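Here's the structure we're looking at; comments come further down.
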Amino acid sequence: GAGVSQSPSNKVTEKGKDVELRCDPISGHTALYWYRQRLGQGLEFLIYFQGNSAPDKSGLPSDRFSAERTGESVSTLTIQRTQQEDSAVYLCASSVGGSGRSYNEQFFGPGTRLTVL
Amino acid sequence: GNSVTQMEGPVTLSEEAFLTINCTYTATGYPSLFWYVQYPGEGLQLLLKATKADDKGSNKGFEATYRKETTSFHLEKGSVQVSDSAVYFCALSEVSGGFKTIFGAGTRLFVKA
């Protein structure tokens with residue numbers, strides 16, 4: 002596709018349930034990022050994938066959060082046993098990535114709005 | 005570790021007023037600096053960037069200069085329009101961090117007609 006896509010656009014779930022959020026990056030982008038944006042707040046880094054390297058998971062807030070990426074394509078962010086404080090917009094971004102680049106513009110998807118009741 | 009600090013909002017201006025949104029950073033190396041913008045109901049998009057000291061990024065009338073001596077990257081526009089109302093995020097990306105990008109908390113701008 003032309004841009005980063007995410008699904009679903011909205012997800013309402015009950016506390017304690019598991020949810021999966023999907024991200025389709027721009028074709029050819031080797032780097033993929035997940036962020037969380039709580040209402041009225043900035044972006045909170047969650048996890049970063051670069052090619053076949055081990056992902057940088059330093060931003061994951063708890064072991065209930067995990068993410069996978071298949072090669073250099075789709076990524077899935079999974080939240081287990083959701084809590085009300087998980088309610089937020091989850092943003093995915095991709096970039097060309099790779100070594101030797103002096104900057105790395107990120108292209109963002111529209112986000113998934115998660116509401117935990 | 006790396007961090008970005010930007011002025012708290014909201015900032016409310018009248019149309020054609022001068023805009024400054026302050027941003028300072030902390031980094032161990034030589035980061036690239038960015039401003040991203042999030043218009044109401046839309047996703048984040050890159051507004052401008054600067055990759056080394058003294059570079060000036062510019063786009064849509066906005067400018068920001070990479071100041072290594074003051075570790076700053078303040079966003080400016082000479083004459084704002086109602087359509088500039090949005091949330092603005094300052095960010096840095098460093099090679100040593102694997103291009104992980106650190107974002108500031110965002111500054112909401114309201115421009116009144």
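First to last, the sequence lines map onto chains A and B.
If you want my numbering, it's the position in the first sequence, counting the first as 1, plus 1.
If you want my numbering, it's the position in the second sequence, counting the first as 1, plus 4.
Backbone N, C-alpha and C fix where the C-beta goes; we use that ideal spot for every residue, glycine too.
Please read these numbers as outputs of a predicted model, since none were measured by experiment.
- prompt: Any idea what DSSP makes of Asp59 (chain B), helix, strand or coil?
  reply: coil
message: Whole angstroms are fine: how far does the CA of Thr24 (chain B) sit from the CA of Lys104 (chain B)?
response: 26 angstroms
query: Going along chain A, which residues have a C-beta under 7 angstroms from Lys104 (chain B)?
result: Phe46, Tyr49, Asp57
- prompt: So which residues on chain B does Glu106 (chain A) lean against when the C-beta distance must stay under 8 angstroms?
  reply: Phe38, Leu50, Lys53
query: By Cβ distance, which residues of its chain are closer than 6 angstroms to Thr69 (chain B), with the 5 residues on each side in sequence left out?
result: Lys60
field: 4 or more residues per run - each alpha helix (DSSP H) lying fully within the region 75-114 of chain B
entry: none
- request: Give the residues of chain B in contact with Pro111 (chain A), contact being defined as C-beta atoms less than 7 angstroms apart.
  value: Gly47
- request: Could you tell me which of B:Val91, B:Glu73, B:Trp39, B:Glu98 sits nearest to Ser62 (chain B), measuring between CA atoms?
  value: B:Trp39
task: State the CB to CB distance for the pair Ala55 (chain A) and Gly98 (chain A), rounded to an integer number of angstroms; the pair is presumed to be in contact (CB under 8 angstroms).
output: Rounded, the Cβ-Cβ distance is 14 angstroms, inconsistent with contact.
- prompt: If you drop the 5 nearest sequence neighbours on each side, which residues of the same chain put their C-beta closer than 7 angstroms to that of Arg37 (chain A)?
  reply: Glu45, Leu47, Ala89, Tyr91
field: Leu52 (chain B) - containing beta strand (DSSP E), residue span
entry: 48-54
- request: Label Thr116 (chain A) either buried or exposed according to how many other C-beta atoms from any shown protein chain fall within 10 Å of its C-beta, with 16 as the threshold for buried.
  value: exposed
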